[in-house]
Structure formats: C-alpha cells, structure tokens
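Everything below concerns the one structure shown next.
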Amino acid sequence: MKLDSKVPSGPLESKWEKHLNEINLLAPNNKRKHHVLVVGTGLAGASAAASLAELGYNVTSFCIQDSARRAHSIAAQGGINAAKNYPNDGDTIRRLFNDTIKGGDYRSREANVYRLAQVSNEIIDQAVAQGVPFAREYSGLLDNRSFGGAQVSRTFYARGQTGQQLLLGAYQAMMRMIHAGKIDYQPRKEMLDLVVVDGKARGIITRDLVSGKIERWSGDAVVLCTGGYGNVFYLSTNAKNSNVTAAWRCHKRGAAFANPCYVQIHPTCIPVSGDYQSKLTLMSESLRNDGRVWVPKKKGDERNPNDIPEEERYYYLEERYPSFGNLVPRDVASRNAKMVTDDGMGIGPTGRAVYLDFRDAIDRDGKEAIKAKYGNLFDMYENITGDNPYEQPMRIFPAVHYTMGGLWVDYNLMSNIPGLFVAGEANFSDHGANRLGASALMQGLADGYFVIPYTIGDYIAGNDLAAVSTDDEAFGEAADASAKQLDKLLNVKGDRSVIDFHRELGKIMWDKVGIARNREGLEQAIEEIRSLREEFWKNVRVPGEAGYYNKYLEFAHRVADYFELAELMALDALQRNESCGCHLRDEYQTEDGEAVRNDEEFSFVAAWEYKGLNGKLEAELHKEDLEFEFVELKQRSYK
Amino acid sequence: MGGSNMTIHLKIWRQEGPEAEGRFETYTLDQVNEHMSFLEMLDVLNEQLVTEGKLPVEFDYDCREGICGSCNMVINGKAHGPKRLTAVCQLHMRNYSDGDTIVIEPARAAAFPVIRDLVVDRSAFDRIIEAGGYVSVKTGSAPEANTLPVDQFNANKAFDYATCIGCGACVAACPNSSASLFTGAKIAHLNKLPQGQPERKNRVLAMVEQMEKEGFGDCSNFAECEAVCPVGISISAIAEMRRDYMKAMFDDN
Numbered sequence: 026m027k028l029d030s031k032v033p034s035g036p037l038e039s040k041w042e043k044h045l046n047e048i049n050l051l052a053p054n055n056k057r058k059h060h061v062l063v064v065g066t067g068l069a070g071a072s073a074a075a076s077l078a079e080l081g082y083n084v085t086s087f088c089i090q091d092s093a094r095r096a097h098s099i100a101a102q103g104g105i106n107a108a109k110n111y112p113n114d115g116d117t118i119r120r121l122f123n124d125t126i127k128g129g130d131y132r133s134r135e136a137n138v139y140r141l142a143q144v145s146n147e148i149i150d151q152a153v154a155q156g157v158p159f160a161r162e163y164s165g166l167l168d169n170r171s172f173g174g175a176q177v178s179r180t181f182y183a184r185g186q187t188g189q190q191l192l193l194g195a196y197q198a199m200m201r202m203i204h205a206g207k208i209d210y211q212p213r214k215e216m217l218d219l220v221v222v223d224g225k226a227r228g229i230i231t232r233d234l235v236s237g238k239i240e241r242w243s244g245d246a247v248v249l250c251t252g253g254y255g256n257v258f259y260l261s262t263n264a265k266n267s268n269v270t271a272a273w274r275c276h277k278r279g280a281a282f283a284n285p286c287y288v289q290i291h292p293t294c295i296p297v298s299g300d301y302q303s304k305l306t307l308m309s310e311s312l313r314n315d316g317r318v319w320v321p322k323k324k325g326d327e328r329n330p331n332d333i334p335e336e337e338r339y340y341y342l343e344e345r346y347p348s349f350g351n352l353v354p355r356d357v358a359s360r361n362a363k364m365v366t367d368d369g370m371g372i373g374p375t376g377r378a379v380y381l382d383f384r385d386a387i388d389r390d391g392k393e394a395i396k397a398k399y400g401n402l403f404d405m406y407e408n409i410t411g412d413n414p415y416e417q418p419m420r421i422f423p424a425v426h427y428t429m430g431g432l433w434v435d436y437n438l439m440s441n442i443p444g445l446f447v448a449g450e451a452n453f454s455d456h457g458a459n460r461l462g463a464s465a466l467m468q469g470l471a472d473g474y475f476v477i478p479y480t481i482g483d484y485i486a487g488n489d490l491a492a493v494s495t496d497d498e499a500f501g502e503a504a505d506a507s508a509k510q511l512d513k514l515l516n517v518k519g520d521r522s523v524i525d526f527h528r529e530l531g532k533i534m535w536d537k538v539g540i541a542r543n544r545e546g547l548e549q550a551i552e553e554i555r556s557l558r559e560e561f562w563k564n565v566r567v568p569g570e571a572g573y574y575n576k577y578l579e580f581a582h583r584v585a586d587y588f589e590l591a592e593l594m595a596l597d598a599l600q601r602n603e604s605c606g607c608h609l610r611d612e613y614q615t616e617d618g619e620a621v622r623n624d625e626e627f628s629f630v631a632a633w634e635y636k637g638l639n640g641k642l643e644a645e646l647h648k649e650d651l652e653f654e655f656v657e658l659k660q661r662s663y664k
Numbered sequence: 003m004g005g006s007n008m009t010i011h012l013k014i015w016r017q018e019g020p021e022a023e024g025r026f027e028t029y030t031l032d033q034v035n036e037h038m039s040f041l042e043m044l045d046v047l048n049e050q051l052v053t054e055g056k057l058p059v060e061f062d063y064d065c066r067e068g069i070c071g072s073c074n075m076v077i078n079g080k081a082h083g084p085k086r087l088t089a090v091c092q093l094h095m096r097n098y099s100d101g102d103t104i105v106i107e108p109a110r111a112a113a114f115p116v117i118r119d120l121v122v123d124r125s126a127f128d129r130i131i132e133a134g135g136y137v138s139v140k141t142g143s144a145p146e147a148n149t150l151p152v153d154q155f156n157a158n159k160a161f162d163y164a165t166c167i168g169c170g171a172c173v174a175a176c177p178n179s180s181a182s183l184f185t186g187a188k189i190a191h192l193n194k195l196p197q198g199q200p201e202r203k204n205r206v207l208a209m210v211e212q213m214e215k216e217g218f219g220d221c222s223n224f225a226e227c228e229a230v231c232p233v234g235i236s237i238s239a240i241a242e243m244r245r246d247y248m249k250a251m252f253d254d255n
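Residue numbers (the numbering used here), protein chains in the order written: chain A, 26 to 664; chain B, 3 to 255.
This is the structure we're talking about:
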C-alpha cells in the first residue's frame, strides 16, 4: 500500500491556491455526464451533495435517517470557528491554524489544517447567506465568543444549537437541488458495502431500511460522509444510529483506516445514572466560559455543594492551569476529571462526577444574563437530572464524543482507493490527536462546500471512467455478501441480545481503551474483544427477519463491525508508545501527570490495512510521516 | 444510580405495515427506574420481548437529546407526552407514578402513513421544504457575512422559528392533521431575515401548495400544535404564513 499525501509544494499560505490552479477542471457540459454517490447527510454530506449538484453533477444522496435533516451534526451545540477577526482581538488565519495544529498535538498534516483555517471565513459567509440565524450584537452584526482552548473570540454560534442551524442550512441547500432534479434523494437507506471495479470505487450496496431490500448503485465516485465511530463504546454522546459500518466496509475493501485510537472524550457530559442508560448527553463546553469546575477537597464529602466553603473546594483546573483555567482543551479537562475521581474526590452516588458551578457567574452577571447565554442548556440539564443548575452546581463527567481517527485521505480528501472520497468526521484529517471545540462544524462544512467540489472534478477529469453496470460481477458479489451476513446474524438464534453484547464491548473499551491506556490493559482488551466477538457470533439473538423494518437487525450488523474495529483501536493504541492529544498512555507521562509525546518515533499517521479476520484481526501498519515545515513542535502547555 | 422503581403498564399500537390491520397490545414492566428516559423504558421492554422470542416494538429515534426530531409518538393521547416543551426522548419516567397505564400510539395522519408499529413516514415534510424552504444561494457566491446586518429583534425572531425540529407532533395533535405550524415556521424564519426577501412570494405559494398536495388539512386555529411543540414554536408562524400567502395571491408583480 502506497500512501501519498499529495500535499502541494510551496509556501503554506499558497498551497491551496496553487493546487486549485493546477488541478483538472471539468466543463459544465461534462459535469452533467457524471454521477456522484454521497453517503450521509450531515454537515459534510449535505454540503457536498448540494455543492456538487449546483456544479452540475448528478448526485444520489443516501441517509439512514428518515430525513436528511436528522443527521447527527444537528446535535452540535457550541459553535463554529472562523478567523474573521471581527472582535479585533488579533485573530488571523495563521493563528487559527496554529491553535488547531497545536490542539491536535502535532499529529495532523500541516497543509490540510492550514486550508481548513483558510476556508473558515467563507463558511460563515455561506451560512449567513442561507439564512442561518447566528447570534448577533445590538448593531445587527455577528457576535463571537471564546471557546474551549482559544484565547481569541472566533466562535460563531446560534444559541446552543449551532449544529442544528448549520445543518438545516446545508439541508435546505440540498432540498433546493432535489427540487432542481439534480439530486436523487434516498433516505432510510444504509450503506452495507463499497463496490470496487478495476481498482476504483464505482458503487455501493445499500439496504432499504423499510423494505429490507438490498440495492445496488453505481457512480463515478463515492463520497463517504458517514460520521464517527464513538458508539463502539456503547455509551457516547453520539446519536443511536451513528455507526462505523459504511467506513468499516470500505476499510475491508482496501481503504486504510488511520489513527483509530484517537478518540475524544468530552469533559462536560451528564453522568451515567444507571444500567439502562442508552446514551450520554453533552452539555456544551461553552459552559466552561462561565462555570467553574471543582470537587470537594475532602474525599466522600456528602454535604450539599452549596454548603461547602470556598477553602474546602478544589478548583483543580484553575489551580493546575492558571493561564487557561477552566478553558483548557477537552483532553486536558477530561483527564483531570478522571484523575481527581480516581483519587476519590468524585461526587454523587457513583463518585464518577465533578461539579460545574455557576454560582459566581450568576453573582457577577445576574441570573438573566446567564439564562440568555445558556438557558436551553440549563433547561436540558434540569429535564434530564431533575436538578436546577441555577441553584446548585451541575454534575458532569467525561464521555466519548468525537473520533479524530477515520479513513485515511490525501490532500484531495481521497482515500487510497481511487474514487472513494471521505469527508467530515469519517476521515482522519485535520484534527490530529485531539479536536478543538467548534472545529468539527468547521471541518465538515469546509470539506463539503469548499474542498470536495473541486477535488472530485480533478479526479473525474483525470481518469477514464467508462460506465459500469450494476450487473457487473463486483456488484453481485458485494450484494450477495451483504445479504449473507444479515442471514447469518438472523440464524445464530442464540440467547443474548445485541444490546447486551454491545454494552459489554463498550465497557471493555471504556475501561481499557478509554481516557487512559496502558500496555497491560490494552493487551487484555484485545483478548477480551476477541473472545466476546467469538461469543457474539455463536450466541447473539436477532429477532424478526430481514425483509422489513427491523432496528435490531441494523444494530446487529453494526455491532458486528464494532467488534472488529474495537480490536484495531486497541492495536493502534498499543503501538503508539507515547501520549499525545487524547491518547494518554500511563507509561508516558511526567510525574505530575502531563502527557509526554515522542516526536522522534511517533510523528506519523498510523494507517492500517485490513488483512483478514481469523479469530484475530490481521492488520498491517503503514506510516505516513508527518513533516512540519512551518510550525515548531512544542510540548503543549496550558499552565 | 439509585432512584425508585415502579411498575408500569403499557398499551402499545402494533402494526406490521402500512396496509396491515393494527391493534393494541398490553405489556407490564416491573422495574422502571424514575431516572430512565421514556425511550429507555421502551428499550427495556424491547429487551424483554427479544428475550421472550417476540418482536420488539419499532419506533424512530436517534439523538435522544431532543434535537433531531426523529422520535414522535402519541402518549395517552398527547404528542410527545405530558411534559410541555419536551420531546419524548427527553421525557423521564419521574413524570409517572407506580402502577400507571400508558397508552402509546403512532402520530396518526393521512399524510404520515404507518411504516411499522410507531414508525411513520414523514417524507411529506421534506417535500414541503423542497418546494421552497430555502434561500437560493449557490456555494461560493455569498457576500461577506457582516455586509448584511440583521437587527437583533428580527434575528431572534428568525431563530425562534428556525428551531423547529420537524418531528411532526404539530400534525399529530391537530384535529385537521394540518402541517401549518411546520410550514409556517420555515416561512416565518426566512421572512424575518433580509436574505429571505427576494424569494418571499414564491416561497409561500409553493410551500402552501405542496402542503395541501400532501394531504395535510387546513388550520382552524385550534392551537393544539403550539401546545405540543417540543421547541415552543408559536402559532404566530401560521399567521405569518397566511398573511404572506394572501399578499402573494393578490400581488401580481
């Protein structure tokens, strides 16, 4: 396997423009002759489908939800970064780039990250023109706020529903192109396989989630925008239908999977309340702008938090990181929450929670001001927990939130399978080992609106893509394999439910491949995953049949894929003998618990090639060396 | 952990497909924790059904945070259940008492055919948006964002309408099965912004026409939609839509 990043030469600032000047263009009359399959309708998928259709391509758009508007991007709360410098606080594209590459702990590709910062401003223009109702000042101009890990105010937001509003903007753009007859819209369809013909991605296999029918689709290119794989942990902030299947099946067809161990654990989520818990709810980290994180200094202190005097509170982030305080990046905040609770200072019935306290902010700014900023988040918290955060501190704890790893892509966002493009959270690009707050929305839309539309044109113009029929042998083989796997799952007829297996897998992952990892735990995890996977295939019980709406069957094949991915994540975490970003190995830290990176040996993207599954996962590691020409690698410090 | 346990009786609508005859089936759950969400309670029921070799109850859900709008069911006659401004995924069992019987039905409307059990087909909503619920701006052609100030009052108003999650509770609650709140919310959102002005007239005509074509009824001002809307969309959206529709009808420019 050859990994060529295809990063253009020349100064960082002009790489993208140089690339645009050099890539192939396709005339409008030729665009009409080509067909692109876009899988997923989140920010990346909806914006790519709309933009490609506007350019003249024929697009088929698939989503697993009943409407494109429900893709999980909708749940993003906090905001979207851009280097507009409206507040005049000294922000520049270069600074946004610096922060993002530093935030990713120098494990991402310079050129990709710089491009992301460059197109960030256009995203805001585009969204505003679509009617996305961002927050505004009294002047009528756009408002900005500072957001996790940034010392400038560059985050645009729409109350606590920025993802919803941006997604609806992209969804509406897509609906417009459906109306124009340029997008064939296919909701409630799940991608089960990628079809590769003569080494190029030429189609996909889907299952119609209503009729159960296995269907074949051919095209000139496939754009995978199917999100992240956080649900491998069972409990996460991801929507219940978010899954890795589309990406994993591409991996099994030859696409390299990069950095699977990079998982972001979000510091501010509502803690687990019981075994029945089906998902975790994020409280936007914008709350850390005004909330103060603390635990009682005394272990097992069961007093009402409001009765605990100031000197008996341990504001651990403020004390350990005086310059960033409560605004340290997510990985640092999560790790510290784990450390204080491991030390026995955790609160609540499980001891797996810390306080996020608004008392001082309410005293300072008044209840109304806090309500105006966070009203909907406070309501949500009260709704879920039954506690009123205006009167007592929130209880929070880290939860799996975002996966930086994903399918390997080059500068054009194309995987190592020609014609398979991957955008948004589904690719590994841009965030390195840790994603900064308000950067996911930026990346999804950058990929879909401003990168893919150009790079797909380059690919199509530069390749001879003779029409491929869905009667081609490769389609038949892939469709049969998909149908067979579903039959196999239905015919195990064992004793344990899919959910039960998934929950147990999630526990292994959280305990041993979670916030902190070590060699012994990872080796154990691999053994446990293997034996649970074996049991799954012998003892899972999937109800019903394949020929109709059957949610449990959908879950079953997704969980089957998680069982394979889980092993790869552990393998990846095991080979990475360093701590970087969200990946903390207990063996590689300083005495006071700070991560120790190893740039000498691990400044590379770990791209895994699937080699088969035979009791154990066979995977070959390929390394794309990361070269830093324009930034100096520093140990991150938020002290 | 912790929290008290209850016994809950359920009467749930089961239907194999759009053409199949539906019926209520009854179930009892003994260990319902007050901190469970309503959908987690149904998960527990489904686990029990799967263990017994029966088919689980199908229902739509995704984010379980009240924002995606997937979940949609009618609980004791009320879309999204008893709690105001709360989607069913955000409803918690602490709102019920030990021994309660809960009746669960799909959102019923001619324009929302049942797919299976509590799952209905809401694709009509997509087609209403497709008819005109957007600003026709191509990627790349947008002006610099701050060249178009929007006064804060209207920006906030636009936001209030834009928060619609497209769940369809408004349709389920309406005696006429009207989609006026849904359609009006999108029209009002774009009307409040300068970006929405150029296509204002065509938008309202096309969207209202599509709404009728889909088989939704008209609005008779019952305001049931507003009462069940999980995000609190005001029926002033419908007034906006009607006013604009009338103006568009008589405006021959």
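We put the CB at the ideal spot given by N, CA and C, even for glycine.
Min CB distance residue i to chain D below 8 Å
| i | result |
| --- | --- |
| Y111 (chain A) | No chain D is present in this structure, whose protein chains are A and B. |
Partner residues on chain B for residue i, Cβ-Cβ distance less than 9 Å
| i | result |
| --- | --- |
| R140 (chain A) | Chain B residues near R140 (chain A): none, gap ~15 Å exceeds 9 Å. |
| H97 (chain A) | D64, C65, C70 |
Proximal chain B residues relative to residue i, where beta-carbon distance stays under 8 Å
| i | result |
| --- | --- |
| V153 (chain A) | A144, A147, L150, Q197 |
| M200 (chain A) | D128, I131, E132, G135, Y136 |
Chain A residues whose Cβ lies nearer than 9 Å to that of residue i
| i | result |
| --- | --- |
| T88 (chain B) | N408 |
| V52 (chain B) | S522, V523, I524, R566, V567, P568, Y577 |
Residue span of the alpha helix (DSSP H) that contains residue i, given as start and end
| i | result |
| --- | --- |
| V518 (chain A) | Correcting the residue type first, residue 518 (chain A) is Lys in the shown sequence and not Val. Where K518 (chain A) is concerned, there is no enclosing alpha helix (DSSP H), given that its DSSP letter is neither H nor E. |
| C172 (chain B) | 171 to 175 |
| P478 (chain A) | 477 to 487 |
| Q189 (chain A) | 187 to 204 |
| L646 (chain A) | Run containing L646 (chain A): none in the alpha helix (DSSP H); it sits in the beta strand (DSSP E), 641 to 650. |
| I551 (chain A) | 544 to 564 |
| T165 (chain B) | First-last for T165 (chain B): undefined, no H or E at that position. |
| G70 (chain A) | 68 to 80 |
Residues that DSSP places opposite residue i in a beta bridge
| i | result |
| --- | --- |
| N106 (chain A) | A:T180 |
| R355 (chain A) | Beta-bridge pairing links R355 (chain A) to no other residue. |
| N35 (chain B) | B:N7 |
| Y29 (chain B) | B:L12 |
Partner residues on chain A for residue i, Cβ-Cβ distance less than 8 Å
| i | result |
| --- | --- |
| Q154 (chain B) | R161, E162, Y163, G165 |
Contact list for residue i against chain A, beta-carbon separation under 7 Å
| i | result |
| --- | --- |
| V139 (chain B) | A154, Q155 |
| Y247 (chain B) | In chain order: nothing, as chain A lies at least about 19 Å away. |
Continuous beta strand (DSSP E) stretch holding residue i: start and end
| i | result |
| --- | --- |
| H60 (chain A) | 60 to 64 |
| P423 (chain A) | 419 to 428 |
| V138 (chain A) | No beta strand (DSSP E) contains V138 (chain A), which is instead part of the alpha helix (DSSP H) from 135 to 155. |
| C294 (chain A) | 288 to 294 |
| W15 (chain B) | 7 to 16 |
| W242 (chain A) | 239 to 243 |
| Q211 (chain A) | 208 to 211 |
| N83 (chain A) | 83 to 87 |
Residue i: CB within 7 Å of a non-hydrogen atom of the ligand NAD
| i | result |
| --- | --- |
| N74 (chain B) | Looking for the ligand NAD in the displayed structure turns up nothing, as the structure carries no ligands at all. |
If we count Cβ pairs, one from each stretch, closer than 8 Å, do we get three or more for the stretch 119 to 130 of chain B versus the stretch 44 to 62 of chain B? In short, these stretches touch, since the Cβ pair count reaches three.
Flag this pair as touching only if the stretch 279 to 299 of chain A and the stretch 363 to 382 of chain A have three or more C-beta atom pairs under 8 Å; answer yes or no. Judged by Cβ distances under 8 Å, the stretch 279 to 299 of chain A makes contact with the stretch 363 to 382 of chain A, as three or more pairs qualify.
Contact the stretch 238 to 248 of chain A vs the stretch 157 to 173 of chain B: 3+ CB pairs below 8 Å: The answer is no - the stretch 157 to 173 of chain B does not touch the stretch 238 to 248 of chain A, with fewer than three Cβ pairs under 8 Å.
Identify each residue in the stretch 226 to 245 of chain A for which the Cβ-Cβ distance to at least one residue of chain B is less than 7 Å, and report them in chain order. Residues passing the 7 Å Cβ filter: V235.
The stretch 50 to 81 of chain A: positions lying closer than 8 Å to chain B by Cβ: Per Cβ criterion, the list reads S72, A75, S76, E79.
Check distances from the C-beta atoms of the stretch 13 to 39 of chain B to those of chain A and list, in chain order, the residues that come in under 8 Å. Those residues of the stretch 13 to 39 of chain B that come within reach of chain A (Cβ to Cβ, closer than 8 Å) are E18, G19, N35, H37, M38, S39.
Contact between the stretch 116 to 128 of chain A and the stretch 439 to 452 of chain A is defined here as three or more beta-carbon pairs at a separation below 8 Å; is this criterion met? With the cut-off at 8 Å, the stretch 116 to 128 of chain A and the stretch 439 to 452 of chain A do not touch.
When Cβ atoms are compared, which residues of the stretch 568 to 594 of chain A fall closer than 7 Å to chain B? Within the stretch 568 to 594 of chain A, contact with chain B at the beta-carbon level (separation under 7 Å) is assigned to P568, G569, Y573, Y574, K576, Y577.
Can you pull out the residues from the stretch 101 to 119 of chain B whose beta carbon lies closer than 9 Å to at least one beta carbon of chain A? In summary, the residues of the stretch 101 to 119 of chain B whose CB is separated from some CB of chain A by less than 9 Å are I117, R118, D119, in the order they occur in the chain.
Check each residue of the stretch 181 to 198 of chain A: if its Cβ is closer than 9 Å to any Cβ of chain B, include it; give the result in chain order. F181, A183, R184, Q186, G188, Q189, Q190, L193, G194, Y196, Q197, A198: these are the residues of the stretch 181 to 198 of chain A whose beta carbon lies less than 9 Å from some beta carbon of chain B, given in chain order.
With 7 Å as the limit, tell me which residues of the stretch 254 to 273 of chain A have their beta carbon closer than that to any beta carbon of chain B; keep them in chain order. Legend: CB atoms of the stretch 254 to 273 of chain A lying less than 7 Å from CB atoms of chain B belong to residues A264, K265, N266.
Please determine if the stretch 64 to 76 of chain B and the stretch 205 to 217 of chain B are in contact, where contact requires at least 3 C-beta pairs separated by less than 8 Å. The stretch 64 to 76 of chain B makes no contact with the stretch 205 to 217 of chain B: fewer than 3 CB pairs, one atom from each, lie closer than 8 Å.
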